[in-house]
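Note that the protein sequences, when read in sequence, are chains A and B. For the first sequence, the UniProt record's numbering gives the first residue as 1, with consecutive numbering after it. For the second sequence, the UniProt record's numbering gives the first residue as 1, with consecutive numbering after it. Worksheet: the structure to be examined is printed underneath.
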Amino acid sequence: MTPSLSHGSQHRWLLSALTLAIVLLSLAPSLRLLIEALSDLAQGAEAPLWRVLQSTATWRALSHSLYTSTLGMLIALALGSLFAFIITLTDVRGKAALVFCFMLPMMIPPQVTALAWLQLFGPASPLLKSLGLAPPLGSPQPLYSAEGIALLLGIQSAPLVFLGLRTSLLSLPRELVEAARISGARQSQVWRHVILPVTRSGLVAGGAMAFISSLGNFGIPAMLGIPAGYYVLPTLIYQRMASFGTHVLAEMASLSLLIGVLALAGVALQQRWMGRSRYGLVGHSGRAHDFALGRYRGLATALLVALLSIILVAPLAALATSSLVPAMGVPLSAESATLGAYAEVIGRQGATWRAMRNSLWLAGGAALVLMLCCLPLAYRLQRLPPRLQSVTLSAIELPYALPGVVLAVACILLFVRPLPLIEVTLYGTLGLIFIAYLARFLVVCLKPVAASLAQLDPSLEEAAQLAGAGPWRRLITIALPLVAPALFAGGLLVFLLAVNELTVSALLWSAGNETLGVLIFNLDEGGESVLAAAVSMLVVGLVAALMLSLSLLAPRLPKGVVPWQD
Amino acid sequence: MAGLTIERVTKHFGDHAAVDAMSLAIEPGEFVALLGPSGCGKTTMLRMLAGFEAVSQGEIHLGDTLLASATQHTPPEARNMAMVFQSYALWPHMSVADNVGYPLKLRQIRGADYQRRVAQALDLVALGPYAARTPQDLSGGQRQRVALARCLVTDPAVVLLDEPLANLDRHLRASMEHGFADFHRRTGATMVYVTHDQHEAMALADRIAVMRAGRLVQWATPETLYRRPRTPWVASFIGQGSQLMLGAGAPGQHVASTTLMQGLHAPEHQRTHTVLVRPEHVYIHANAPTSQDLTARVERQTFRGERFEVHLRLPDGVALMAYHPEALHEGQQVGLTLTEGWGLEADT
């Protein structure tokens, strides 16, 4: 064998080993969960799975989950498709700003959304008090209800519908619309006869994503449901774990399996639907269709702005108001306004700094490690046969597709005992959260890198090879510089998601190991709404800043990497 | 059926004039080609005719009706036109019959009348048996014919065709060319056909509008364009030939053989006239080069089946193209007779 060949096969072997290791690590938690849930089935009626299936609490939580997620999906479909159709198809004003603002709720962590809305309604709302509109003391908080949960789930997942439909609309060839126009169809007829049927797959996909994401959401039903005693599956698991600790792990594994199966069934259904209604579309696409709104243009713009004010501006204003008052129930005025809460959380509360530090370390570390892994992984994946490639991708996507609670329970199961050989216990340390984050967000970092790598002309590398560059040198000097923006964007997206993560860390945190997400949740649960609001405002500022920096990167990235940019 | 009048139509995209003061008078039932290299504005002109783009200046009339001006814009759906797109633009969620019948539905034509007209249109393009298929099941040529049937089902005043053969292979193209010509004869519709392929335009059109950089360069029948091109650019864009600088030959006039031969020998400073000589007007005397007035050297030749294409070089370095039935040697000296030429205007 020639030296260059053996060099090449060593490189291949190393990359394959890395890929295999990553796939196994991605699958390990789910497999462990499956084993735990299905073991002891021989015990018959006493097996944990049967006990869970016979419990009325399980079925009640399941029906609550299905009700809130379905209602949330319908709200998301209405909001998302309205925005997608108007922004993508018409000549409405200020499209870029509208898209950015509409996407913001998806990026704001759910517990902050819930907190903001809680500050907007109810008798203690500082905003309503300041405006003199507050209902009398003792009136109920309308959001502590199934419909309140569904409304917020809908708003949070509406951007998913928007994205799915918008992608479909943008790939709709212009000629299909023009052919209908010249056949004599008016704008409304074109919409009904051509656009809606052809983009149905995008709408269905978006709806399914909204449903799955609502099903796995923890922050919103935790903040709105637990005070009212209204439990959905993720909050039921959380509450049981909080009360009984690791003794109920086997039952929790069975419950997790139940949500996991539901979520994966949703994914499978979505994929089938997409496959069935996907057409090979030919023609020039990628350009928005400029339907002239004529005299309705101002009206349409006003409608979208009004909706955004309700779903985004009003709750954030309420949150800001709450963070500036000395105590809940005090109206905001020139005299009462104080930055005391900010001073308290930043200056005196040790927990805030600790949580901030923990979250920044976790998110930054996860982003960095994943950025390091993703290029070699994407590089190897690209060279796999298509079938093997899709199987590998599914394995990597699994920890992200499963609801966060499921992953958390699986990680506890996997690490609750000391690791063999080195005798180190990860349970109860930041290390466990870190590993869970790595598994969960790998696919978030991988997708942009893989997309960017797929866009590269293979001849670029072949030319380097002919010039005498070995495989490692090609990877470092050719592939890396060309996909660097995508790699950076992937890392930034991971950071953005991880720094606010609540669902996984809610189950995995322990004293001294709080994350920002857990901190807000705990402050609110402990009645410190003003402090929670102040921390939340800081978090919203952080999210907006990260989103803006991603927007600045967007021109150098492949299409679709930054979700809110064309 | 009505004629189409384009009066000084201009289209600006920002500062750039994609179409610049274009005027054409298209007769009812005429088959017209808009021909030019890519980026010349021909597609923009077609889209203004269809109503997909607004007109910046000028007017478009269909018969006596004003369709578009700087202040007025009839939307595409109200123009009673039809269009064949380069990508065919068949709706993937409708069957072949539904695609063809869609314009009828929009005109509130239902029931037996609808069925009859759809069947008629499909029979016209020989796709009757395919009515229930979806467009995805059809080949490129069949899709093209569905698009054509959809165009004719409503008897539109004007049919617009945007490079309809660009996506087909060479053999299919030739047969579709016949199809279009046949079609035009049977329906008698006014047709405007956009293409960058001169052979397509020459084969199909009654008249051709040659465009360059947004401007109309020449508007004439295919034969006129070939025999009497207006400018050097048109002469080089359409057909083959050589442009010689001569001491004689007025623009827009035939140049006789003797004038040509004399003009070639005029002193350098007097050679100010550009004259087009098509290869079929260059006669090669392969065997007796020295007895002739004009000699040339064979630079290279290409075998074209029925004849050789011969590239010649005159003693003063000017290149000339000719046809010859037999092979010559490279470097061989031959004698030439130029039988006729055509005087060109300067390019604008």
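By construction, the Cβ of each residue, glycine as well, lies at the ideal position given by its N, Cα and C atoms.
Check	Outcome
Interfacial residues, the stretch 105-121 of chain B to chain A, with Cβ spacing under 8 Å	L106 and R107
Interface flag, P164(B) vs chain A, CB-CB below 9 Å	no
Sequence-distant residues of its chain with Cβ nearer than 6 Å to L5(A) (five each side left out)	Because L5(A) carries a pLDDT of 44, less than 50, the predicted location of this residue cannot be relied on, and no value is offered for it.
T2(A) versus R474(A) - alpha carbon distance	A caution first: T2(A) carries a pLDDT of 40, below 50, which makes its placement in the model unreliable, though a value can still be read off. If I take the Cα positions, the gap works out to 19 Å.
Anticipated Cβ contact below 8 Å, A469(A) with L453(A), distance rounded	About 17 Å; that fails the 8 Å criterion.
Under 8 Å (Cβ pairs) to chain B, residues found in the stretch 142-176 of chain A	P173, E175 and L176
Terminal residues of the alpha helix (DSSP H) in which I182(A) lies	R174 to I182
Secondary structure, alpha helix (DSSP H): runs of 4+ residues fully inside the stretch 85-170 of chain B	96-106, 111-124 and 140-152
Any chain A beta carbon closer than 9 Å to E299(B)	no
Residue-level contact to chain B via CB, Q189(A), 9 Å cutoff	yes
DSSP state of G341(B) mapped onto helix, strand, coil	strand
Chain-order list of residues whose beta-carbon lies under 7 Å from that of A337(A) (same chain, five-residue window excluded)	L324
Distance between L127(B) and D91(A) (C-alpha atoms, nearest Å)	39 Å
Counterpart residues of G335(B) in DSSP-defined beta bridges	H285(B) and T295(B)
Secondary structure, alpha helix (DSSP H): runs of 4+ residues fully inside the stretch 33-105 of chain A	48-54 and 56-89
Spatially closest choice to S132(B) from L124(B), G140(B), A119(B) and G141(B), by CA coordinates	The identity of residue 132(B) in the sequence shown is Ala, whereas the question assumes Ser. Among L124(B), G140(B), A119(B) and G141(B), the Cα nearest to that of A132(B) is on A119(B).
9 Å Cβ cutoff, V194(A) in contact with chain B	yes
V204(A) at chain B interface by Cβ criterion, 9 Å	no
Per-residue contacts from G184(A) into chain B (C-beta, under 7 Å)	E77, P103, L106 and R107
Three-state secondary structure assigned by DSSP to H196(B)	coil
Chain-ordered neighbours of P325(B) on chain A, where CB pairs are closer than 9 Å	Chain A residues near P325(B): none, gap ~45 Å exceeds 9 Å.
Chain A contact for G39(B) (CB, 9 Å cutoff)	no
Minimum Cβ-Cβ distance from Y88(B) to chain A less than 9 Å	yes
Own chain partners of D316(B) with C-beta closer than 6 Å, once the 5 adjacent residues on each side are dropped	none
Proximity to L336(B) [Cα-Cα], best of E330(B), M261(B) and A346(B)	M261(B)
Straight-line Cα distance separating Q86(B) from A166(B)	7 Å
Neighbour-count burial assignment, H193(A), 16 or more Cβ in a 10 Å radius	buried
Limits of the unbroken beta strand (DSSP E) element including S201(A)	Run containing S201(A): none in the beta strand (DSSP E); it sits in the alpha helix (DSSP H), R200 to G216.
Spatial neighbours of A222(A) in its chain, beta-carbon cut-off 6 Å, leaving aside the 5 residues before and after	T235
In chain order, each alpha helix (DSSP H) run of at least 4 residues that lies wholly inside the stretch 496-534 of chain A	503-508 and 516-525
Closer than 9 Å to chain A by CB, L160(B)	yes
Nearest to F85(A) (by Cα), restricted to the options T392(A), S168(A), I259(A) and G541(A)	S168(A)
S139(A) (DSSP reduced to helix, strand or coil)	coil
Cβ-based burial, F244(A) [other Cβ within 10 Å; buried from 16]	exposed
Beta-carbon separation (whole angstroms), R8(B) vs S23(B), contact threshold 8 Å	5 Å
Buried or exposed by the 16-neighbour rule on C-beta atoms within 10 Å, applied to T525(A)	The sequence given here has Glu at residue 525(A), not Thr. Result: exposed.
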